[in-house]
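Input: a single structure, listed below in structure tokens.
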Amino acid sequence: DRSIKIAPSILSADFANFGAEIRAIEAQGADWVHVDVMDGHFVPNLTFGPPAVKAFRPHVKTFMDVHLMISPVDQYIEAYAEAGADMIVAHYEAGPHPHRTLQAIKATGAKCGISLNPGTPASAIEYLLDLCDMVLVMSVNPGFGGQKFIPSSVQKVRQVRQMIGDREIHIQVDGGVDPNTVGPLVEAGADCFVAGSAVFKGGSVDTPEVYGQNMRAI
Ligand code: DX5
Ligand code: ZN
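Just so you know, the sequence shown maps onto residues 4 to 221 in UniProt numbering.
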């Protein structure tokens, strides 16, 4: 179903070849490039700062979707916008003022999204939806690629889609998305899919056609 968008996560890419990997997934049909920013505090892993995201920027010809798994988050929004993020997604759980965080993202001119961890109910975003271009429903506990899909995410996607009504707001699902888990998510109303291990598995910058096969299978 090509009305959906595939956003490969470079967390599963070759950490010594990000430029080549980004060009490879885009040449093979990626709709967006998903950049997982982790601070070793909000999640038990550490990845990219603003300088790295700035270095990725010239290689991204589609849309750079920056997922901030950091807390506190407000003090870094400007830096990731400056680095060239097209979309900045903050976590609802990152601090006491998600409404102010979304206002700050919008003020940079980037598209803005709110992300819900698996334990956070859909109702949490009732007063945030009007600020959002996207809601990210986490289908794993954030921090790593290759984790097992959490089935209750399907029900949450359905609830979020119901809350959105006829507003133009994307629902992105992130974590354990693969050919076996994507079907119910599409039916539930998700339209954007992050996939790390399901896209990069078995491929390399020297065999990018594997990335294309993996993306088309989703
Ligand atoms: C997890 C990240 C996800 C992860 C997805 O904290 O937000 O984007 O990279 O990897 P897979 O698709 O392998 O679960
Ligand atoms: Zn992510």
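Here a beta-carbon is modelled for each residue, glycine too, at the ideal position from N, C-alpha and C.
Close-in-space but distant-in-sequence residues of the same chain around residue i (CB under 6 Å, 5 per side omitted)
i: E129; result: none
i: L134; result: L105
i: H94; result: S118
i: V184; result: Note on identity: in this sequence residue 184 is Thr, with Val being the wrong assignment. F152, listed in sequence order.
i: N120; result: E96, M141
i: L71; result: V40, A93
i: K159; result: A125, V140
i: D181; result: A201
Cβ distance (whole Å) where residue i is taken to contact residue j below 8 Å
i: F196; j: A16; result: Rounded, the Cβ-Cβ distance is 17 Å, inconsistent with contact.
i: I73; j: A107; result: Not really, about 14 Å apart at Cβ, beyond 8 Å.
i: A198; j: S12; result: 7 Å
i: D68; j: V38; result: 7 Å
i: Q59; j: I28; result: One detail in the question is off: residue 59 reads as Phe in this sequence, not Gln. Incorrect: roughly 12 Å between the Cβ atoms, too far for contact.
i: N48; j: V208; result: Wrong, their Cβ atoms sit about 23 Å apart, outside the cutoff.
i: P145; j: V76; result: About 13 Å; that fails the 8 Å criterion.
i: K109; j: M90; result: Between M90 and K109 the Cβ distance is about 11 Å, and since that is not below 8 Å, they are no contact.
Between the CA atoms of residue j and residue i - distance to the nearest angstrom
i: L14; j: D177; result: 12 Å
i: D194; j: F147; result: 22 Å
i: A125; j: G116; result: 14 Å
i: D42; j: V92; result: 14 Å
i: V189; j: V163; result: 13 Å
i: G112; j: P211; result: 33 Å
i: G205; j: V213; result: 7 Å
i: V56; j: A201; result: 23 Å
i: P101; j: S118; result: 10 Å
i: D169; j: F51; result: 35 Å
i: L131; j: Q216; result: 37 Å
i: G22; j: G87; result: 15 Å
i: G122; j: I167; result: 20 Å
i: I172; j: F18; result: 32 Å
i: T65; j: P154; result: 30 Å
i: residue 223; j: G98; result: Since the first residue of the chain shown is 4 and the last is 221, residue 223 is not available in this structure.
i: D4; j: R161; result: In this predicted model, D4 has a pLDDT of only 38, less than 50, meaning its place in the structure is not dependable enough to derive any value.
i: Y83; j: V36; result: 15 Å
i: residue 246; j: A127; result: With the chain covering only 4 through 221, there is no way to say anything about residue 246.
Own chain residues within Cβ distance below 8 Å of residue i, not counting five before or after
i: H44; result: I73, S74
i: R219; result: G32
i: S6; result: D194
i: R103; result: D77
Cβ shell of residue i (< 7 Å), same chain only, five flanking positions each side left out
i: Q150; result: V143, G178, G179
i: I9; result: A33, D34, F196, A198, M218, I221
i: A30; result: P211
i: P187; result: V157
i: H62; result: G22, I25, R26
Near the ligand NAP: residue i beta-carbon under 7 Å from a heavy atom
i: F147; result: Only the ligand DX5 and the ligand ZN can be found as ligands here, which leaves the ligand NAP out of the picture.
Does the region 175 to 195 touch the region 137 to 152, meaning 3 or more C-beta pairs lie closer than 8 Å?
-> yes
Going along the chain, which residues put their C-beta within less than 5 Å of some heavy atom in the ligand ZN?
-> Output, sorted by chain position: D39, H70, D177.
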